[in-house]
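So the protein lines, in turn, are chains A and B. Quick note on the working numbering: the first sequence kicks off at 35 and runs consecutively. Quick note on the working numbering: the second sequence kicks off at 35 and runs consecutively. Input: a single structure, listed below in structure tokens.
Protein chains: 2
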Amino acid sequence: MATGRNHRPATSRSRGIPEATVARLPLYLRALTALSERSVPTVSSEELAAAAGVNSAKLRKDFSYLGSYGTRGVGYDVEYLVYQISRELGLTQDWPVVIVGIGNLGAALANYGGFASRGFRVAALIDADPSLAGKPVAGIDVQHTDALEQIIADNGVSIGVIATPAGSAQQVCDRLVAAGITSILNFAPTVLSVPEGVDVRKVDLSIELQILAFHEQRKAGEDAPEEEETAPPAAPPAAAVTKRPGPGPDGDVPAVMPA
Amino acid sequence: MATGRNHRPATSRSRGIPEATVARLPLYLRALTALSERSVPTVSSEELAAAAGVNSAKLRKDFSYLGSYGTRGVGYDVEYLVYQISRELGLTQDWPVVIVGIGNLGAALANYGGFASRGFRVAALIDADPSLAGKPVAGIDVQHTDALEQIIADNGVSIGVIATPAGSAQQVCDRLVAAGITSILNFAPTVLSVPEGVDVRKVDLSIELQILAFHEQRKAGEDAPEEEETAPPAAPPAAAVTKRPGPGPDGDVPAVMPA
DNA sequence: ATGCCTTTGTGAACGCGTGCACAAAGATGG
DNA sequence: CCATCTTTGTGCACGCGTTCACAAAGGCAT
Ligand SMILES: NC(=O)c1ccc[n+]([C@@H]2O[C@H](COP(=O)([O-])OP(=O)(O)OC[C@H]3O[C@@H](n4cnc5c(N)ncnc54)[C@H](O)[C@@H]3O)[C@@H](O)[C@H]2O)c1
Ligand SMILES: NC(=O)c1ccc[n+]([C@@H]2O[C@H](COP(=O)([O-])OP(=O)(O)OC[C@H]3O[C@@H](n4cnc5c(N)ncnc54)[C@H](O)[C@@H]3O)[C@@H](O)[C@H]2O)c1
């Protein structure tokens, strides 16, 4: 996932809904919404699971955390389930969101229609660049960072999106938190440190690609076991390479430099 | 994660590196690169773990899967570790990447500098819109979808990025796979079905926000324990007769998929 | 060399998530 | 009302991931 991972350890479970289940609820909701638009009245766990790309047993267990909303022998009422999941996710209310850093990515996010379609409303676009201030992006005037605190307070914003360069991310984060933001979606490739009670999720394209590259390399290595490294293994750390776990993934073993 | 979760179950483990560890290696690599640029020679697991935002024991265990690259009493050699992780992730070679769908998001991705900084090279930008063909984005001419297969074959591309609307994603995916792509990063809000051996990771902004909203709602609920449901819970499933719910319950989400 | 101090590497315990498999529940038909 | 069939809801087992805690390893000073 492109999704953040380390969330909250296990402070107090929110009424018994596992984090892994919460992460899948939007997936189910999307599939259910599609069914709803096709006026499908009911759906079985098997069908819905296929549409969401998960195991049917997992789906049923997930739903069991929400309550017994299905009918045995029939399935789940689509409309009813859409409502229940929406309510559980807090989508029956409107969530004003501020986007900070209106560059390439920030502008794309502002233009993204998928925002509004789920109860998220772009309350403001904020950038530190004075030349951007006042200019409209996606129909909303970009505002200067100076007004950040005021905007958040006036609109009761609790969710912020950071799309600034990595170097500014922590600073922006601190200001957002100080202003009352308690949930942050971070696109900058940095680890943000936040006080207790503030949720941070990160989206890091670079990490996703690197994970793909890892598996890609492994696939290639299986097909062609005879692979030679291009660059020399660099200098080992002085004289400390003591042991190696059996045969490495490929033949490359760093040369042990005699002390 | 914003990252996809369900990866490969346990087909054939890459000889000992857990998926969770692989997902953290880029994080370590980023922190190590920063240290390297500051010419820090060695780093302890405690320091590095803090920089990467993880538990130090976890970091040490992660590294133990790669081999014994540390020195007890001292720590890890930064340069050496950078190389080892880069090699493990397959970043010592160049990975040509194609981006399909050069709209708001695709253009932002094309302009993203973080691509090239890790060995990923944008080999081509592809879009179905004829009016885009030939126009330069981020210094690269957009090419029409017709040339997709040829581009992939000519450049030996194995990683593809999908940034088209959801409705086209599966179709684009199928073409990519048929052309030889074996790793896909999907930004479209759809479940892609791919044959065995093809890796898919998804980045879904909407899902991330919904997860944040869930926790946000819970925080609010804790502060105000006396909260009664605002909207009536809609009609229970009741009799599952051929009831066709015309106008859905008021709690129904708008849910309009952007075309 | 020897002893002390720091830090790694890892065994083991634990908790979470996943998936199987099935009993119970309800619908449906006779 | 009963039989049968479908599908839910879940008990249970298993494997993965996380974390603790500590012995071993190495550096460094004496
Ligand atoms: N573009 C992508 O596809 C992409 C992909 C993944 C990650 N990212 C990350 O997202 C972030 C933004 O990327 P981008 O391509 O849009 O960069 P960009 O340079 O185009 O935009 C950054 C914007 O942030 C503004 N900014 C800088 N400091 C600020 C501050 N302190 N307060 C408010 N605004 C500030 C700048 O004025 C600029 O408009 C970067 O951290 C990048 O690494 C981008
Ligand atoms: N913009 C965002 O911030 C954002 C965020 C999250 C997810 N997404 C998703 O990313 C995708 C792209 O978003 P966007 O805002 O860039 O949309 P967009 O409409 O601006 O761009 C889509 C592009 O894809 C091209 N396209 C359509 N069908 C194609 C096909 N079959 N083959 C090749 N190209 C095709 C279109 O010509 C267009 O240029 C969407 O699925 C969207 O839901 C976007």
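Idealized CB from N, CA, C, for every residue including glycine. For clarity, every value in this text was computed on a predicted model and none was experimentally measured.
{"Asked": "Against chain B: residues of the region 209-222 of chain A by CB proximity under 7 Å", "Found": "T216, S217, L219"}
{"Asked": "D175 of chain B Cβ short of 8 Å to ligand 2 heavy atom set", "Found": "no"}
{"Asked": "K169 of chain A, DSSP secondary structure in three states", "Found": "coil"}
{"Asked": "Inter-residue spacing [alpha-carbon to alpha-carbon] between N220 of chain A and Y103 of chain B", "Found": "32 Å"}
{"Asked": "Chain B within 9 Å of F149 of chain A, Cβ atoms only", "Found": "yes"}
{"Asked": "Under 9 Å by beta carbon: chain A residues contacting Y146 of chain B", "Found": "N138, L139, L239, S240"}
{"Asked": "Cβ-Cβ distance between V116 of chain B and L66 of chain B below 9 Å", "Found": "yes"}
{"Asked": "Euclidean distance between Cα positions of T148 of chain B and V195 of chain B", "Found": "Per the sequence presented here, residue 148 of chain B reads as Gly, with Thr not at that position. For G148 of chain B and V195 of chain B, the distance between alpha carbons rounds to 15 Å."}
{"Asked": "Residue(s) in a DSSP beta bridge with T76 of chain B", "Found": "B:D111"}
{"Asked": "Whole-angstrom distance between T216 of chain B and G231 of chain B, CA atom to CA atom", "Found": "7 Å"}
{"Asked": "In DSSP terms, what T105 of chain B is bridged to", "Found": "B:G109"}
{"Asked": "Heavy atom of ligand 2 within 8 Å of I196 of chain A beta-carbon", "Found": "no"}
{"Asked": "With 16 other Cβ atoms within 10 Å as the buried cut-off, status of E252 of chain A", "Found": "The sequence given here has Arg at residue 252 of chain A, not Glu. Burial call: buried."}
{"Asked": "Rounded separation between P75 of chain A and R152 of chain A - CA only", "Found": "21 Å"}
{"Asked": "Length of the line joining the Cα atoms of I51 of chain A and G190 of chain A", "Found": "27 Å"}
{"Asked": "Sequence-distant residues of the same chain with beta carbon closer than 6 Å to T55 of chain A, five excluded per side", "Found": "D96, Y99"}
{"Asked": "Residue range of the unbroken alpha helix (DSSP H) whose run includes N189 of chain B", "Found": "182-189"}
{"Asked": "Listed by chain order, chain A residues near L93 of chain B by CB distance under 9 Å", "Found": "Result: empty, since nearest Cβ-Cβ is about 12 Å, beyond 9 Å."}
{"Asked": "Q244 of chain B CB to nearest heavy atom of ligand 2 below 8 Å", "Found": "no"}
{"Asked": "Three-way DSSP call (helix, strand, coil) for E53 of chain A in this model", "Found": "helix"}
{"Asked": "F97 of chain A: first and last residue of the uninterrupted alpha helix (DSSP H) it sits in", "Found": "90-100"}
{"Asked": "Bridge-paired residues (DSSP) for Q205 of chain B", "Found": "The partner list for Q205 of chain B (beta bridge, DSSP) is empty, contrary to what the question assumes."}
{"Asked": "Identity of the residues DSSP links to P130 of chain B by a beta bridge", "Found": "B:R155"}
{"Asked": "Counted within 10 angstroms of its Cβ, other Cβ atoms place Q244 of chain A as buried (16 or more) or exposed", "Found": "buried"}
{"Asked": "Residues that K236 of chain B bridges to, as DSSP identifies them", "Found": "B:N220"}
{"Asked": "Reduced DSSP category for I160 of chain B - H, G, I as helix; E, B as strand; rest coil", "Found": "strand"}
{"Asked": "Touching by the beta-carbon criterion (3+ pairs, under 8 Å), the region 195-215 of chain A and the region 124-137 of chain A", "Found": "yes"}
{"Asked": "6 Å CB neighbourhood of L123 of chain B in its chain, flanking five on each side removed", "Found": "L59"}
{"Asked": "Limits of the beta strand (DSSP E) - the one that G194 of chain A falls within", "Found": "193-196"}
{"Asked": "Local Cβ density within 10 Å of P229 of chain B, reported as buried at 16 or more and exposed below that", "Found": "exposed"}
{"Asked": "Cβ-based burial, A150 of chain B [other Cβ within 10 Å; buried from 16]", "Found": "exposed"}
{"Asked": "Cβ-heavy atom distance, R221 of chain B to ligand 2, below 8 Å", "Found": "Residue identity differs from the one stated: residue 221 of chain B is Phe in this sequence, not Arg. For ligand 2, at least one heavy atom lies less than 8 Å from the Cβ of F221 of chain B."}
{"Asked": "C-beta neighbour in chain B for I245 of chain A, strict 9 Å", "Found": "yes"}
{"Asked": "Whole-angstrom distance between A187 of chain A and E53 of chain A, CA atom to CA atom", "Found": "29 Å"}
{"Asked": "9 Å Cβ cutoff, Q204 of chain A in contact with chain B", "Found": "no"}
{"Asked": "Cut-off 7 Å between Cβ atoms - residues of its own chain near S202 of chain A, not counting five sequence neighbours on either side", "Found": "none"}
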